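Counting in our numbering, the final residue of the sequence shown is number 518, and the numbers go up one at a time with none missing. Some notes on the structure that comes next.
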Amino acid sequence: MAPTAFIGKEEFLKKDAAMSFETNFVGPVFAINAFLPLVKNGSVKKIMVVSSGMADTELVRSAGVAEALTYSASKSAANVLVAKYSVELKKFGITIIAMSPGLVDTSEKKKPTPEEMAKYQLIANQLKTYAPNFTGPISTEQSVKAQLSVIGNITIEQSGDMISHLGNKQWL
């Protein structure tokens with residue numbers, strides 16, 4: 347939903363924001379803290395938090411995407427979380443990044459409803475103004491392969507960054 351779509355729906359906004367922040371901000375804090383002893387003692391000292399291009403203010407402005415307010419805000423908070431962890435964990439040689447997996451087709455197990463398809467189509471059309479060559483979502487396999495390649499190549503100098511599955515700021 348866009349910001350003004352919450353007019354008169356303040357309680358829904360509170361619940362939606364709480365759910366998004368619990369999933370996309372609090373969840374990563376719990377997961378990182380739980381696995382941190384293993385990462386500190388491991389040979390590969392890398393952590394990746396799933397983010398989204400929808401948390402990039404340049405994409406939002408250039409594509410004109412007002413929708414997905416609470417999702418985007420919670421992913422932005424996750425990006426700041428990653429930056430904070432990078433400052434704290436650098437002394438341990440740990441690299442942490444926020445990474446957008448790209449726009450991934452996740453409908454393999456569940457067919458989207460007509461309402462979900464309409465929302466997707468609206469945002470997809472907006473994204474074409476940002477990335478004119480955008481043809482649609484990538485497969486989960488394409489996304490995972492790309493992410494693993496990026497994770498394998500990131501360095502401590504990139505710690506705290508928010509990047510895409512392509513290893514840069516190109517979200518699609």
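A virtual CB, placed ideally from N, CA and C, is assigned to each residue, including glycine. This one's a predicted model, so the numbers in the text were calculated from it and none came from an experiment.
Item to check | Span separating the alpha-carbon of A477 from that of L405 | outcome: 9 angstroms
Next on the checklist: Is it buried or exposed, T475, if we count other Cβ atoms within 10 angstroms and call 16 or more buried?
Outcome noted: exposed
Checklist entry - Helix, strand or coil for S398 per DSSP? => result coil
Item to check | Beta bridge counterpart(s) of S446 as assigned by DSSP | outcome: Its beta-bridge partners are S510.
Next on the checklist: Quick check on this structure: which residue in P460, I443, N471 has the alpha carbon closest to the alpha carbon of V496?
Outcome noted: Among P460, I443, N471, the Cα nearest to that of V496 is on I443.
Next on the checklist: At the level of alpha carbons, what is the spacing between A409 and K361?
Outcome noted: 27 angstroms
Checklist entry - Is L518 near L473, with beta carbons less than 8 angstroms apart? => result yes
Checklist entry - Could you check where the alpha helix (DSSP H) with D451 kicks off and where it finishes? => result Unbroken run through D451: none, as it is neither H nor E.
Checklist entry - Between P447 and H511, which are expected to be in contact by the criterion C-beta below 8 angstroms, what is the C-beta distance as a whole number of angstroms? => result 5 angstroms
Next on the checklist: Check for me: the alpha helix (DSSP H) holding P460 runs from which residue to which?
Outcome noted: 460-476 is the extent of the alpha helix (DSSP H) around P460.
Next on the checklist: My output table needs one value for T441: the three-state DSSP class, helix, strand or coil.
Outcome noted: T441 sits in a strand when the DSSP states are folded into three classes.
Item to check | Cβ shell of P374 (< 7 angstroms), same chain only, five flanking positions each side left out | outcome: Within the same chain, P374 has close Cβ partners V395, A424, L427.
Checklist entry - Since K392 sits in a beta bridge, which residues does DSSP pair it with? => result DSSP, once it has assigned bridges, lists T441 as partnering K392.
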